[in-house]
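**Q** Mapping to my numbering: the sequence shown position 14 is 22, numbers consecutive.
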Amino acid sequence: MANVSINGGVKNRRYGFGETDRNGAFVLSGVPQEIELENFEIWTRDEHLKGVIESRQPLVIRASK
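(1) Is R30 helix, strand or coil when you go by DSSP?
(2) Quick one: Cα of F34 to Cα of I14, how far?
(3) Do V39 and G17 come within 8 Å of each other at the CB atom, strictly closer than that value?
(4) Which two residues bound the contiguous beta strand (DSSP E) that contains E49?
(5) Just curious, the beta strand (DSSP E) that I61 is in, first and last residue?
(6) At what residues does the beta strand (DSSP E) containing L145 begin and finish?
Here it is in structure tokens:
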């Protein structure tokens with residue numbers, strides 16, 4: 009998804025915040041190296057979506073309601 013906000017998390021704690029580019033690529037800043045993210049949240053202008061991990065290498069996240 010292009011031009012949306014995304015963050016990762018572990019259990020109930022959020023780590024890393026970023027924005028996708030026009031191709032849907034993103035970089036999350038503020039994620040400690042020892043943390044392996046378990047879940048993602050995607051924020052569009054009008055919606056809050058869950059991000060489902062499709063693959064870890066490379067990291068691919070699919071938006072789901």
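Glycine included, every Cβ here is placed at the ideal spot set by N, Cα and C.
**A** This is what the structure gives:
(1) Reading the sequence shown from its first residue, position 22 is the one you call residue 30. If DSSP states are grouped into helix, strand and coil, R30 belongs with coil.
(2) To locate residue 34, count along the sequence shown from 1; it is residue 26. To locate residue 14, count along the sequence shown from 1; it is residue 6. Computed Cα separation, rounded: 8 Å.
(3) Taking the first residue of the sequence shown as 1, we reach residue 17 at position 9. Taking the first residue of the sequence shown as 1, we reach residue 39 at position 31. The answer is no: Cβ separation not under 8 Å.
(4) By one-based count along the sequence shown, residue 49 stands at place 41. Unbroken beta strand (DSSP E) run through E49: 47-51.
(5) As a position in the sequence shown, residue 61 is number 53, starting the count at 1. First-last of the beta strand (DSSP E) with I61: 56-64.
(6) An answer regarding residue 145 cannot be provided, because it is not within the stretch 9 to 73 covered by the chain.
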